[in-house]
Every structure is written in C-alpha cells, then in structure tokens.
Amino acid sequence: MSERKDEDILNEAKSRYEVASQGWEHIYGALKDDFKFVYDVDGGQWSEESLYQRAGRPCLTVNKLQKFVRQLRGDMMQNRPRVKTIPVDSKADPKKAELFNGLIREIEYLSSAEIAYDTAYTHAVSGSVGFFRIVTEYADGDTFEQDIRIKRIINPTAVYFDPNAVEFCMQDARYCFIESLIDKDDFIKQYPDEEVIDFNGNPDLYGSWLQDNKVRIAEYFTKEPVKKKIVQLHTGEIVELTTKEKQRIELSGDQIVQEREVDTHKVMWYKICGTKILQKAEWPGKDIPIIPVFGDEIVAGGKKYYLSLTRGAKGSQQMYNYWASAATENVMMSPKNPYIVDHRQIKGFESEWEEANIKNRMFIRYNAVNGLQKPSRESQVQVPNAIVNMMQSTAYDIEDHLGRYEASKGEASNERSGKAIVARINQSDKGTYTFVDNLARAIIYCGRQLIDLIPKIYDTPRALRVMGEEGSESLEIVNSPTMGPDGEVKIENDLSVGKFDLIASTGPSYGSQRQEMVQMMIESMQYAPGIAPVLAPLIFKYSDWPGSQEVFATLQGALQQAQETPPE
517 MSERKDEDIL NEAKSRYEVA SQGWEHIYGA LKDDFKFVYD VDGGQWSEES
567 LYQRAGRPCL TVNKLQKFVR QLRGDMMQNR PRVKTIPVDS KADPKKAELF
617 NGLIREIEYL SSAEIAYDTA YTHAVSGSVG FFRIVTEYAD GDTFEQDIRI
667 KRIINPTAVY FDPNAVEFCM QDARYCFIES LIDKDDFIKQ YPDEEVIDFN
717 GNPDLYGSWL QDNKVRIAEY FTKEPVKKKI VQLHTGEIVE LTTKEKQRIE
767 LSGDQIVQER EVDTHKVMWY KICGTKILQK AEWPGKDIPI IPVFGDEIVA
817 GGKKYYLSLT RGAKGSQQMY NYWASAATEN VMMSPKNPYI VDHRQIKGFE
867 SEWEEANIKN RMFIRYNAVN GLQKPSRESQ VQVPNAIVNM MQSTAYDIED
917 HLGRYEASKG EASNERSGKA IVARINQSDK GTYTFVDNLA RAIIYCGRQL
967 IDLIPKIYDT PRALRVMGEE GSESLEIVNS PTMGPDGEVK IENDLSVGKF
1017 DLIASTGPSY GSQRQEMVQM MIESMQYAPG IAPVLAPLIF KYSDWPGSQE
1067 VFATLQGALQ QAQETPPE
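This is the structure:
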C-alpha cells in the first residue's frame, strides 16, 4: 500500500475530529459540571438564578461530597489493583512470566505510575472519565535504546476517542486525539520552519487552534490497514514472518509448511497543528496507547453516558446548602436575645449596658427598684425544627445516592457491635465497587499493551533492571545469544517467544501484607508462648525498620547454635 499524502491525512483528521468532538460533547459537558460542583469551583454548587434570587442573603456551601470522593480514593490507594502475568502457551514458562512481572513493576516504579492511576481514577470518580497513557522514550545517555513509561493525562477533556468504539476500554477504537496548548514562542523554537497557522476550515466545526498567545497541538493516533504474512511451521506453530522470526527459523532449522497474507493494521502517530503535520511515526504496539478509566457506563436512547459517583447526589447537596443557608438566615435575622429592664433600673449606668455586648465586663451595675426583679435576658432564638429535620433528611439522601454510609466513613452511627459496623462498611464497598473494578480493567488493558510492547522495545541484548514483589531489584540479561554444547545458538530470556496474559487482584499492597503478617505473629505468640522461639526470628525478618535484618541474622544464628549444642 502506497504511503498516504499529508494533505489526505490532515483532511481525515479534521473530519474525524469533528465527529469525535460531537460524540463526546454531552459526556464532557456533564464531566465539567461535576468537577465544578464537587470541588465548588466559582460557587459551582449554586446556580446563577439561585444566586440572583438570593442576592444579599446567605448562600452557604457545606460541601458533603468531596469527602466521599477522597474516601473512595483513599480506599483504592490502600487496596490498589495489581496485575500478574501468566503463561498461556507451551513456549511461555512461569520463569519468563515472572520476568515480565518484574519488568512491568519496574516500568510502573520508574514511571511513578501510581500517580497516573490515581489521577485517572479521581477523575472517573468525581467526573466520570479519566485517562492515562503509555509512551516510549530514549534511555539516559548516548544510546538508541528506548524505555517504556506510563504517564498521566491531567486534563481528561483533551482526549477524544472514536465515539463509535463499543469495547469498554476502547480497544476497537479506530482513532484518538489528545489536544494540548503550548506557548507560541515555544512552538516557534521547536518548529522554526513552520508557520503558526490556524485551521482554514470552519472554526465552528473544528474549534480555534490558535488562542491568544497559545497554539493548539493535537496528537492523532489512527489504525491504518496493512497486510502481514503468517506461516505455519512443521511443529504446528503459527507465527508472523517478521525479519527476526525469519532469522530464528533459519537458525533453528524449522520448516515452513504453509504461508498466507492476512489483513491487519498498524498504529500511526501524527502531531498536527493548523494545516501541517509536524511529526509522524509508527507506534510499535498494536493498540492505541491511551488507557481510559470510566465511571458507571449506561446507554439510554441509543446514546452512551458515563456516571460519576456524585452525579446523582448533586440535587440533595443543593438542598442541603439551601437549608443550611435558611438556618443561618433564620438565626441571623432574629434579634439578639436582649435584656428586659425598666429604664429606672439602668439610670446612671446607661454606658455600661450599651457596651454589654461589646466589652467583657466583670459586672454591670443596676438600680434596685421596689417591686421589680433584677434585669434578665430573653431566651436564645432556636432554629425551627422543620429546618433541622430537612437538613438531616437531606444528609441521608446524599448518603443513599452515593451508597456510602456513616459507619463507612468513620463517624458515629447507630451500629454498636463490630460485626454490624463491618457489615455496613461492606455494604458501602459493594455500592461503589464499580469504580475500583473499572480501574482494574484499565490496568489490565495497560498490562496487555505492556506485554505487547516489551518484546518490541526491549528487542536487543541488554541488561534490564527488574523489581521483585517485595521491592527488591536485580539485573537480568535479555535476548542474549549463547552457544550450546552442540554448537547450536540459543537466545537466553528471549522476550519475543511465548504468549502471556494477565490476571488482576485487588487488596492490600505487599508492604501492608507484611505488616499484617508481623502483627498476626506477635498476637499468636501472646496466646501460644511455646511457638515464640520459632516465630521471633521471622518477626524481625519481615519487619522494615532499620537493623531488623541484623537482629534476624543474630537470632537465627543463636537458634541454630542451640539446636546443634547437645544437651548436658
């Protein structure tokens, strides 16, 4: 297939951008409203009409939603979804699967991937949609070797996927845009030979790509159809006949039984602005490396919607703000509880009584008048019970909409037994588990892309740092050719051989599990002192404080010496 012209690619991008922006308009409109409401941006919990009608009257915002978002985010941080590589064919052994696990953990660690996951998850919980991405970049130093990294996307509304995609993680999307604004001066420095030109199309359709002193740049990922050749070997294995695979077949002596061409695709990346394509490259993976994290997905009237945690509770939150404002206004408009006095009782002491609410006096003098009691205050004005009841009822409505209840957020409630409190917390977790599960789906999809990318990016003999589950690091030599005793050349740790898949788990981190195990061993020793000599060394072995390993080695040595010493 002949290479496409830049003009055709740019026209296709403009047309697709129009379709994508219209397809996501209702989703991003609701997302922006959610963000503004949850974080109370510019008084986002009060409508302009309400503020106008209540001009000069209290308009309080008692934000009860933000703490639920933070709690759900905190729950996820303590029980992060994690992926584990598993072999799925005869050439994928468990040892190499663990090597992939170590590489993925190292990629996540060096990328600070937790920040990317947290950002996307917070966006999904509070606004319904979040994204993060996979990139490749050159390693440090003068080298042509690249590394894989995971990056966050801080503005979810800058991403426009193919709106016709139906898979949950957009695996079947044909294209995707990521917009960004850069300073005009920076643009000129990066692309000195290019003119800063706006789209010459209809700005109402494509949007203005030149804003004040900013230039809008778009990354455009698209899947383009290509043909590839697959072959069947005499062993029955079916592989793609790439240059590397052809060399491997020749070295191994395998025989090709049959071959054929199949239709597939490649992922192309373009950076465009105005009427120019600034950069282009083929992405080595088979999927668009933008990973979505969604809220609750529904389809209504043939239209897809994503719901945030807080969207259904916004009405109740507005009601709570209204009743809190009404209670404040009721007390504010009521007169202060005054003293009831006869004018004869304060004659000569008027200044002291006029300053009674201003100065903190030890005493106030008055004149005793026969037949009159001493001056006394009126009772304090109370907030009407109807307003108090409405505030309580509205607070319960907010919890019902969110699926989070008092005992789950650490506040006193009517549960008394530990079992009842745990049951309420579990009920809350079930009501919001959709968001954690959707993040797990996104991380699995990211992991599958990493498994696809690792053999293509780490395709030369090199030493790679891998991370163990407990956080320890080691060096592994991959794709290293070695000569066997019979003169046959073998590739050690060949990352391109074998097929792997992923499973996900959600629970406490490895460090948290270690701490829990240490605590359980200490408690066990209290109830069974006889096992203390056995468990004591292990407590120090799995502790993380400085010097714990030295204490473990000392105890272990003393225990072995005691076992070897014969009794007298």
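The sequence shown maps to residues 517 to 1084 in this note's numbering.
Note that CB positions come from ideal geometry on N, CA and C, so glycine has one too.
Remember, it's a predicted structure, so these values are computed and weren't measured experimentally.
Where residue i sits in the DSSP three-state scheme
i: Pro-672; result: helix
i: Leu-697; result: strand
i: Ile-862; result: coil
i: Gly-1073; result: helix
i: Met-983; result: strand
i: Gln-662; result: strand
i: Asp-803; result: coil
i: Glu-871; result: coil
i: Ile-620; result: helix
i: Ser-990; result: strand
i: Pro-708; result: coil
i: Glu-756; result: strand
i: Val-773; result: strand
i: Asn-716; result: No answer about Asn-716 holds up, because its pLDDT of 38 lies below 50 and its placement is not dependable.
i: Met-878; result: coil
i: Phe-1085; result: Outside the shown range of the chain (517 to 1084) lies residue 1085, about which nothing can therefore be said.
i: Lys-580; result: coil
i: Tyr-691; result: strand
i: Arg-589; result: helix
i: Cys-962; result: helix
i: Pro-854; result: coil
i: Ala-829; result: helix
Bridge partners - residue i, DSSP secondary structure assignment
i: Pro-603; result: Phe-1016
i: Lys-521; result: DSSP output for Lys-521 lists no bridge partner at all.
i: Tyr-822; result: Glu-813
i: Pro-574; result: None, per the DSSP bridge assignment.
i: His-781; result: Pro-741
i: Pro-997; result: Ile-1007
i: Ala-640; result: Ala-640 is not bridged to any residue.
Between the CA atoms of residue j and residue i - distance to the nearest angstrom
i: Tyr-707; j: Lys-792; result: 11 Å
i: Glu-630; j: Met-983; result: 15 Å
i: Ile-862; j: Ala-842; result: 37 Å
i: Trp-869; j: Thr-638; result: 56 Å
i: Gly-801; j: Tyr-786; result: 15 Å
i: Arg-586; j: Tyr-836; result: 20 Å
i: Asp-812; j: Thr-826; result: 11 Å
i: Val-783; j: Thr-659; result: 25 Å
i: Pro-597; j: Tyr-533; result: 33 Å
i: Gln-1076; j: Asn-1009; result: 38 Å
i: Phe-677; j: Pro-808; result: 9 Å
i: Ser-1021; j: Ile-959; result: 11 Å
i: Val-651; j: Ile-670; result: 15 Å
i: Glu-523; j: Ala-536; result: 20 Å
i: Thr-577; j: Val-641; result: 21 Å
i: His-750; j: Arg-776; result: 15 Å
i: Val-1067; j: Asn-595; result: 31 Å
i: Cys-962; j: Met-686; result: 12 Å
i: Arg-621; j: Arg-764; result: 29 Å
i: Ile-856; j: Pro-891; result: 6 Å
i: Lys-745; j: Lys-796; result: 25 Å
i: Ala-546; j: Asp-770; result: 58 Å
Neighbour-count burial assignment, residue i, 16 or more Cβ in a 10 Å radius
i: Leu-991; result: exposed
i: Phe-684; result: exposed
i: Ser-644; result: buried
i: Gln-1079; result: exposed
i: Met-878; result: exposed
i: Arg-520; result: exposed
i: Gln-561; result: buried
i: Thr-1070; result: exposed
i: Tyr-633; result: buried
i: Leu-888; result: exposed
i: Ser-824; result: buried
i: Asn-527; result: exposed
Cβ separation of residue i and residue j, assumed to be a contact under 8 Å, to the nearest whole Å
i: Lys-607; j: Gly-1014; result: 4 Å
i: Glu-735; j: Ile-666; result: The Cβ separation is near 16 Å, so there is no contact.
i: Ile-539; j: Pro-679; result: A small fix is needed here, since residue 539 is Gly in this sequence, not Ile. Gly-539 to Pro-679, Cβ: 3 Å. Contact.
i: Pro-977; j: Ser-1012; result: That belief does not hold up - the Cβ atoms of Pro-977 and Ser-1012 are roughly 13 Å apart, past 8 Å.
i: Ser-832; j: Thr-910; result: 5 Å
i: Pro-1132; j: Met-848; result: For the chain, the structure presents residues 517 to 1084; residue 1132 sits outside this window and is missing.
i: Lys-548; j: Thr-673; result: 7 Å
i: Asn-846; j: Pro-900; result: 7 Å
i: Val-599; j: Leu-1018; result: 5 Å
i: Asn-883; j: Arg-860; result: 6 Å
CB contact below 9 Å: residue i versus chain B
i: Lys-700; result: In summary, chain B is missing from the structure at hand, where a single protein chain is found.
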